[in-house]
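Beneath this line is the structure, given in structure tokens, with notes to follow.
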Amino acid sequence: MQLLVLPGDGIGPEITAATLRALNVLNDCCSIDIRWTEADIGLKSLREQGTTLPEAVLEGVRAADGVLLGPVSHYEYPSRQEGGINPSGELRTRFELFANIRPCRSLSDLSILRRPMDLIIVRENTEGFYSDRNMVAGTGEFMPDENMALSVRKITARASGQVARAAFELARGRRKKVTAVHKANVLKLSDGLFLREVRKVAADYPDVALEELIVDATAAHLIRTPDRFDLIVTTNMFGDILSDEASELCGSLGLGGSISVGDGICVAQAQHGSAPDIAGRGIANPTSLMLSAAMLLDWRGRRDGDTALIDAAAAFEQAVGKVLTNPATRTADLGGALSTEAFTDAVCAAIARSSAAGQAA
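Take the sequence shown: its letter number 86 is residue 67 in my numbering, and every next letter is one higher.
Next up, the structure:
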């Protein structure tokens, strides 16, 4: 399996290096062959190449079996005309990565929830209120005069149907329930179109229950009754906000994995941002990117029918989980004392122990 690795900005290089260390251990312990090439994006490539997303990187995405994308500081970038392209948004639209998949599973002593959470949010990934990526030219946000700002929300039948199908496929392997989250009581046309397409897809999955829920009620139920949810499917901005809420309720935004998938392309990316305030201090928590990398391995393994990759993904996820369950082996953001390097040591050791136990059995 050949990966393209894009470390990104801020803490991106640190948590990417940690994730690659763990992948090396998986190679040794799980009889797999993951290789990678690294390329610069973000502020470093802006300084050296005049763009935050060089064309050679885009060509590399097409050729790779998967992409590992570190956090980016796109808020700090100059305009697109000055080379400041948001790599995350550009990859999603350029390669039509229509589904952003974010599992949220609570850890009992880190979560503030009274009931456990175990759900997946499947978020449409290419349009919605994201004005930097919903027009073929220009932006969906504009100012007719200095005292008025307008923003266009784009919802299409194609994208809505694609993300709905991804959610229903995942639900078939879980508890067979999909909750379509919307605001059709206000956004009657755009969310009405989204719901129309979700219902069409639901007709192809009679074994999966469909529930429809307004977004503000969903935000409340994630706190009060998180166990009512299995798969949530929703539009871009709603999904972004709800997945951050769900991850924090589970224990931390830094605990959630995330992949963006399209037809044949998968990008693994941490849910959180680049945290430039702690960059270079060796205290960043690499959990989110590690779990995202595990999701990428699982996606590729299932796509190719490669059981070794699927098993390696499970071993990686389980190792991270075991380390997190012990308060003594957590990073400082979770109340522990471990540095990025020490946490990575613990994850690598957990992978090795699991492999040794499996071989002994």
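Glycine included, every Cβ here is placed at the ideal spot set by N, Cα and C.
Judged by beta-carbon spacing, residue 31 lies beyond the 7 angstroms limit of residue -7, meaning their Cβ atoms are not closer than that value.
Here DSSP, grouped into helix, strand and coil, assigns residue 259 to helix. Between the alpha carbons of residue 257 and residue 139 lies a distance of about 37 angstroms.
If you draw a 10 Å sphere on the C-beta of residue 143, you find 16 or more other C-beta atoms in it, and that means buried. Assigned with DSSP and collapsed to three states, residue 133 falls in coil, not helix or strand. If you compare the alpha carbons of 296, 301, 323 and 315 with that of residue 336, the shortest gap goes to 296. In the DSSP assignment, residue 125 falls within the beta strand (DSSP E) that extends over 122 to 126. The shortest C-alpha to C-alpha distance from residue -18 to any of 121, 73 and 278 is the one to 278.
Excluding its 5 nearest sequence neighbours in each direction, residue -14 has C-beta neighbours in its own chain below 6 angstroms: 17, 19 and 49, listed in chain order.
Pairing residue 59 with residue 206, the inter-Cα distance amounts to about 42 angstroms. In the structure shown, the three-state DSSP call for residue 215 is strand. Between residue 103 and residue 136 a beta carbon distance of about 16 angstroms is seen, past the 8 angstroms cut, so the two are scored as non-contacting. Within the same chain, Cβ atoms closer than 8 angstroms to the Cβ of residue 33 are found at 22, 23, 24, 26, 27, 53, 55, 58, 64, 65, 66, 67 and 68, the five residues on either side in sequence being excluded. Bridge partners of residue 241 according to DSSP: 81 and 248. Within the same chain, Cβ atoms closer than 6 angstroms to the Cβ of residue 146 are found at 182, the five residues on either side in sequence being excluded.
Counting C-beta pairs closer than 8 angstroms gives three or more between the region 100 to 120 and the region 205 to 225, which meets the contact rule. With at least 16 other beta carbons inside 10 angstroms of its own, residue 325 counts as buried. Scanning 118, 312, 231 and 159 for the CA closest to the CA of residue 62 turns up 118.
With contacts defined by Cβ atoms closer than 7 angstroms, residue 151 and residue 212 form a contacting pair. DSSP links residue -17 through a beta bridge to 16. DSSP places residue 158 in the strand class (E or B) of the three-state scheme. Taking residue 241 as the centre and dropping the five residues before and after it, the same chain places the C-beta of 73, 78, 81, 106 and 248 closer than 6 angstroms to its C-beta, in chain order.
In the DSSP annotation of this structure, residue 196 is not part of any beta strand (DSSP E); the continuous alpha helix (DSSP H) holding it starts and ends at 196 to 205. Counting along the chain, the unbroken alpha helix (DSSP H) around residue 70 starts and ends at 68 to 75. In this structure, 110 is the residue among 312, 110, 253 and 237 with its C-alpha nearest to the C-alpha of residue 168. For residue 48, the uninterrupted beta strand (DSSP E) segment begins and ends at 47 to 50. With a 10 Å radius around the Cβ and a threshold of 16 neighbouring Cβ atoms, residue 304 comes out buried.
For residue 287, there is no enclosing alpha helix (DSSP H), as DSSP gives it neither H nor E.
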